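In the UniProt record's numbering, the protein residues as written are 1 to 770. Here a beta-carbon is modelled for each residue, glycine too, at the ideal position from N, C-alpha and C. In this text the structure is predicted, and so the values were computed from the model without any measurement.
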């Protein structure tokens, strides 16, 4: 029990849909902010508290320093008092370029380098000599990148053709061009013979030679030209240019005709021969960095050297943190850009655990995303560890177990959009359970298995033969068609890899993932779904004008901001500053267009409306009703019609794309964790949408998921594991949910059984009964 004596006080928060919210966040405890999707959680936590904490901290810095920092506008709030310094740990993917790895981002790599400098044999006492980011340690051939850019001959060269027939596909060597003429006039090969018939010497000369001169005549002039093979010349003119100085044409050529391959000098390890000559426990630093974290820990446990005991202790502690948070399957050489949003957030958490600072405010955005139920308790232990160091920990969450682990809960709602933005409950978890909030009612909602009698009968099978990708062990498996299949297992067990194999063997399968829809900053919910077209036509008919006036990308656009609603100021090396357009006040349209009305509303008013509000307003329009109804079915009725697609989360993007398939007959769809960002009550709506897709349209739905509500609702379950990485990639169970709960060796089955047993005899929540 943590006794709270200090609070962060928020008064009059009005960001987005917040209704002048007053809230008190206790210090030095773990606080969960809950509520349905769109209720205002992120608006309170990130857009108000976190932004104001950063802004106030920046204000304490000298003006010269502030000039190098991004400008932060004051959030719409009366006051936020008693703020600590804030560290935001969000779901954005880690970038850092090709040189950033799990080892570098967690600061584990420097400890490993120090270990090699102290204990490596033969001795290389300089730690920098083991770093691929330092001149002393990087491979001189690839400058520490581990890969080189090579011309892809399968794309660059058509061996079935002759030089005269256009064997060289790049327009750099187009038939009749000067570069082509040098090759043809060289006399080294017959320009009418297919390249497939060339001798080894002729093929080498065509591609790689760099010797000799060619007497040639081109465009009426005679001269001698140096001979270069096509690949040699292409590399010199385009590939070997500094990437920063490439023209758009050069970038297109390089992208079209090259690929990356492991550096032949270092074998992709990025390191110099000196670094690779030293070994600890019989392995090089590259070999240890390529091991899964769990395997690396096992190797370190074999080392018994008192002189490096403190280093080993520090290294084991950091690696154990990765295991405890469910990332033991990662290797230290894994590029950070390849991590998912959930993996990236957990890696950031591990990095923070090494800090000795305290009395900070840590803000997390759904840290349980991508985690199997087995690993959630480990993650909450790490959040508590941050708390116990004297920090305030604030998490936006939907996961039952994370909420139950909190010391304090702030529940926003009661609904989404305009129906939310209010504090419905603040207090401990016991009080939340007793409250009449939607979160409180669903917190202990029972999980009920789909009985075998209710399981849908498959209409066929999609067979996957010899599944081998990443850690998959080459098993055969079948996905039933016409039903809901959940593909589950601990993180890193091979679920995504199996999905890729399925799509490779069955190209007609449609992947509905969490990537943003093909969108730019002008794309909105209304434009993407096609809802804007009938809206514009309705305004045009009501006012007797052309429909183009009601498009922010056409005749009606505000000339000041070109219909964007904002104006961006490029400050060269500083961050771009974005401000609301002073002419249209963010509405995107000219004043003349804004005066036109449809039953009292302007086009700007309609685009500011939520999907639910628009559905009520346009109830008589059958086409709009269908579009907006599909969005509501997948739980997106809180989105604004004019909301830019670039502001949507991964889960929202996926459900937006799923909504577009609800009216299509048949089809096989693979969804990647569609419950991401969904409140427990919204998960039930998602299940209804999936049922509608299957029962109403004959679709086959395969869902990669950890959520136990969805697993229990499935017709068929495929469970991979039993562990992650090298310990996974095996078929643990296939069958109905009722069989999973008694399956031996399945972590998913174990936690599903616990959830079902905990809910037996418990009443259904009121919202579910309704």
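Straight-line Cα distance separating residue 476 from residue 501:
11 angstroms
Comparing alpha-carbon positions, which option in 580, 677, 325 and 480 lies nearest residue 293?
325
Would you report the Cα separation of residue 746 and residue 523, rounded to the nearest angstrom?
43 angstroms
Per the DSSP calculation, residue 653 is bridged to which residue(s)?
According to DSSP, which records beta bridges pairwise, residue 653 is partnered with nothing at all.
Residue 424 - containing beta strand (DSSP E), residue span:
422 to 427
Name the DSSP bridge partner or partners of residue 291?
According to DSSP, residue 291 bridges with nothing at all.
Determine the contact status of residue 21 and residue 13, defining contact as a CB-CB distance below 7 angstroms.
yes
Just to confirm before moving on: does the CB-CB distance between residue 816 and residue 720 stay below 7 angstroms?
Since the first and last residues shown for the chain are 1 and 770, residue 816 lies out of range.
Can you tell me where the beta strand (DSSP E) with residue 221 in it begins and where it stops?
221 to 226
Do residue 492 and residue 725 have their C-beta atoms closer together than 7 angstroms?
Yes.
Along the beta strand (DSSP E) that carries residue 373, what are the first and last residues, could you check?
Looking at the DSSP string, residue 373 is not in any beta strand (DSSP E); the run it does join, the alpha helix (DSSP H), is 373 to 388.
Measure the alpha-carbon distance for residue 390 versus residue 29 and round it to whole angstroms.
8 angstroms
On the DSSP letters alone, give me the boundaries of the alpha helix (DSSP H) that residue 62 sits inside.
Taken as a continuous stretch (DSSP letters only), residue 62 belongs to no alpha helix (DSSP H), as it is neither H nor E.
Return helix, strand or coil for residue 329, following the three-state DSSP convention.
coil
Check whether the segment 349 to 367 and the segment 131 to 141 are in contact - that is, three or more C-beta pairs closer than 8 angstroms.
no
Using the Cβ count rule (16 or more neighbours within 10 Å means buried), how would you classify residue 245?
Exposed: under 16 other Cβ atoms inside 10 Å.
In terms of residue numbering, what span does the beta strand (DSSP E) encompassing residue 26 cover?
21 to 26
Across the segment 427 to 439 and the segment 453 to 462, are there enough close Cβ pairs to call them in contact, namely three or more that are closer than 8 angstroms?
no
Alpha carbon to alpha carbon, what distance is there between residue 85 and residue 60?
12 angstroms
State yes or no: is the C-beta of residue 507 nearer than 6 angstroms to some heavy atom of the ligand MN?
Looking for the ligand MN in the displayed structure turns up nothing, as the structure carries no ligands at all.
What's the C-alpha gap between residue 606 and residue 535?
9 angstroms
Start and end residues, beta strand (DSSP E) containing residue 463
460 to 467
Let me check one thing: in DSSP terms, what residues is residue 704 bridge-paired to?
487 and 672
Take the Cβ of residue 572 as the centre, count every other Cβ of all protein chains shown within 10 Å, and call the residue buried at 16 or more, exposed below.
Per-residue confidence for residue 572 stands at a pLDDT of 42, beneath the threshold of 50, marking its modelled position as unreliable; the derived number appears in the next sentence. Exposed is the call here.
Between the C-alpha atoms of residue 255 and residue 102, what's the straight-line distance to the nearest angstrom?
C-alpha separation (whole angstroms): 27 angstroms.
If distances are taken between C-alpha atoms only, which option among 478, 550, 646 and 713 comes closest to residue 595?
550
Find the nearest neighbour of residue 269 within the set 415, 98 and 374, judged by alpha-carbon distance.
Ranking 415, 98 and 374 by Cα distance to residue 269 puts 98 first.
What residue range is occupied by the uninterrupted alpha helix (DSSP H) comprising residue 15?
Looking at the DSSP string, residue 15 is not in any alpha helix (DSSP H), and its letter there is neither H nor E.
Determine the DSSP secondary structure at residue 303, reduced to helix, strand or coil.
coil
Per DSSP, residue 362 is paired with what?
87 and 393
Using only the alpha-carbon positions, how far apart do residue 752 and residue 120 sit?
47 angstroms
Taking only runs that begin and end inside the segment 473 to 549, name each unbroken alpha helix (DSSP H) of 4 or more residues, in chain order.
495 to 505, 525 to 529 and 532 to 543
Evaluate residue 192 with the Cβ neighbour count: other Cβ atoms within 10 Å of its Cβ, from every protein chain shown; 16 or more gives buried, anything less gives exposed.
exposed
Between residue 754 and residue 378, what straight-line distance do the alpha-carbon atoms span, to the nearest angstrom?
17 angstroms
What are the residues that DSSP puts in a beta bridge with residue 589?
DSSP links residue 589 through a beta bridge to 557.
In terms of alpha-carbon separation, which member of 56, 265 and 525 lies closest to residue 656?
525
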